[in-house]
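S.K.:
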Amino acid sequence: MTPAEFSRAVICSVRGAVEDGELSVTVPERVVVRVPGGDSRSADGGVDFACGVAMQMAKEAGRSPLEVAGMLRKRLAGVPGVARVEIAGAGFLNVTLTGGARAGLVRSVLAQGPAYGNAGGRGRVEFRAVVEGAGVRAAVTAAALEKILPAGGVETEPGGETVRPREVAEGWPLLVARLGADEARWGLLRTAQGDAVRLPDRPVQRESNARFRVQYAYARTCAMTRNARELGFAAEPADIREVGETEAQGQALRELFAAIAEYPATVEAAARHRAPDRVARHLEVTADAWLRCHDVCPPLPVGEEKPSAVHRGRLALAEAAGTVLANGLHLLGISTPDRL
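Residue numbers (my numbering): -18 to 321.
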């Protein structure tokens, strides 16, 4: 189950409560579902999704957020893939998935491949960026948005939109000659459009460079798949609680799972706000989570170890992380080398 699928389940639950006369509210068109980070979860893999829809609807319903949350909790508890639903604070719904649902999300990512995080099937999207003054940053931003908007399922009016980021002094040929195309695009897109860009003097091929770190993380996921093939095993999605034993391993796995699960919502938000920088920042989060996970939860056998179900499950997470990194880099127009 993905956050988007759970969001639809929440909307269905609200609609059911309205139809049964339990609630008198406008059924929301979309519901935001968060995937909490590692520190916010209990040691047993507690909260997978969190949702504040009850607090948003309480005033219109004429009830307290806790009352609304209680009604939705009863309905959501029966959704396939949901292990339990708890109410926290003023009315947050905290959801724990079954192990099969967690594994199913990873399996879905691997099955979708390049389509993961792409909502383009929602309808024909026409987007043409009108670049005022043909500034290099506006041109690069427009090119990225032409991919991000369809992927995020945003429909725009025919005729295009205008992008107006703060420009840089150099032209594209000079930037490419100095930095290379990938570094130039990353530098122009990573910063929010309203902020000034600070580009490096030269490209830095080490992990202190966020663009390099993202590409390096992707290349490492490819290496894991190649090496596993040489050892005679392949990825097989599993519940993240089954592939980590220590507290440090559990936290690293949960953080990586969260980054993978959040990717489609990040693309939708980037499209809605016309903000390619949101995709770039999420790729950094995913790369960092994967590299930490690799260090504490090696996907490949070490020493005299034989490949096991644990390794197959970790490899599946690595490949899912690689899918997110590749898809996000594609939206930004940045290359995905499988070896660095």
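Glycine included, C-beta positions come from ideal geometry on N, C-alpha and C. Note that the structure is a prediction, hence the values are computed from the model and not measured.
Assuming residue 216 and residue 91 make a contact with CB atoms under 8 Å, what is their CB distance in whole Å?
M.R.: On the sequence shown, residue 216 is found 235 positions in, with the first residue counted as 1. On the sequence shown, residue 91 is found 110 positions in, with the first residue counted as 1. Going by Cβ atoms, the distance from residue 216 to residue 91 rounds to 7 Å, so yes, they are a contact pair.
S.K.: What three-state label does DSSP hand residue 69 in the structure shown?
M.R.: As a first step, residue 69 must be located in the sequence shown, where it is residue number 88. DSSP places residue 69 in the strand class (E or B) of the three-state scheme.
S.K.: Sort 56, 15 and 28 by Cα distance to residue -8 and report the nearest one.
M.R.: Stepping through the sequence shown from its first residue, residue -8 is reached at position 11. Answer by Cα proximity: 56.
S.K.: Check residue 32 in the structure and name its three-state DSSP category.
M.R.: Here residue 32 refers to the residue found at position 51 when the sequence shown is read from its first residue. Residue 32 falls in the strand class under three-state DSSP.
S.K.: Could you compute how far the alpha carbon of residue 282 sits from the alpha carbon of residue 311?
M.R.: The sequence position of residue 282 within the sequence shown is 301, counting from 1. The sequence position of residue 311 within the sequence shown is 330, counting from 1. Cα to Cα, the separation comes out at about 31 Å.
S.K.: Check residue 250 in the structure and name its three-state DSSP category.
M.R.: Taking the first residue of the sequence shown as position 1, residue 250 is located at position 269. Looking at residue 250 - three-state DSSP - the assignment turns out to be helix.
S.K.: Looking at C-alpha atoms only, which residue of 185, 60 and 99 is the closest neighbour of residue -10?
M.R.: Translated into the one-based positions of the sequence shown, residue -10 becomes position 9. Among 185, 60 and 99, the Cα nearest to that of residue -10 belongs to 60.
S.K.: Quick one: what does DSSP say residue 190 is sitting in, helix, strand or coil?
M.R.: Reading the sequence shown from its first residue, position 209 is the one you call residue 190. Residue 190 falls in the coil class under three-state DSSP.
S.K.: Skipping 5 residues on each side, what residues in its chain have a beta carbon closer than 8 Å to that of residue 256?
M.R.: Locating residue 256 in the sequence shown gives position 275, where the first residue counts as 1. Answer for residue 256: 173, 174 and 250, listed in chain order.
S.K.: What does the alpha-carbon distance come out to for the pair residue 278 and residue 233?
M.R.: Residue 278 sits at position 297 when you count from the first residue of the sequence shown. Residue 233 sits at position 252 when you count from the first residue of the sequence shown. Their Cα atoms are separated by approximately 8 Å.
S.K.: Determine the extent of the alpha helix (DSSP H) in which residue 5 is found, giving its start and end residues.
M.R.: As a first step, residue 5 is located in the sequence shown; it is residue number 24 there, counting from the start. Counting along the chain, residue 5 falls outside any alpha helix (DSSP H), and DSSP gives it neither H nor E.
S.K.: What's the gap between the Cα of residue 108 and the Cα of residue 119?
M.R.: Against the sequence shown, residue 108 aligns to sequence position 127. Against the sequence shown, residue 119 aligns to sequence position 138. Because the pLDDT of residue 108 is 41, which lies under 50, any placement of that residue in the model is unreliable, and the number read from its coordinates should be weighed accordingly. Cα to Cα, the separation comes out at about 15 Å.
S.K.: Three or more beta-carbon pairs under 8 Å between the stretch 255 to 272 and the stretch 194 to 202, yes or no?
M.R.: yes
S.K.: Following the continuous alpha helix (DSSP H) through residue 276, name the residue where it begins and the one where it ends.
M.R.: Residue mapping note: residue 276 aligns to position 295 of the sequence shown, counting from 1. Residues 257 to 277.
S.K.: Excluding five sequence neighbours on each side, which residues of the same chain lie with their C-beta closer than 7 Å to the C-beta of residue 303?
M.R.: Within the sequence shown, numbered from 1, the residue matching residue 303 stands at position 322. 199, 202 and 203.
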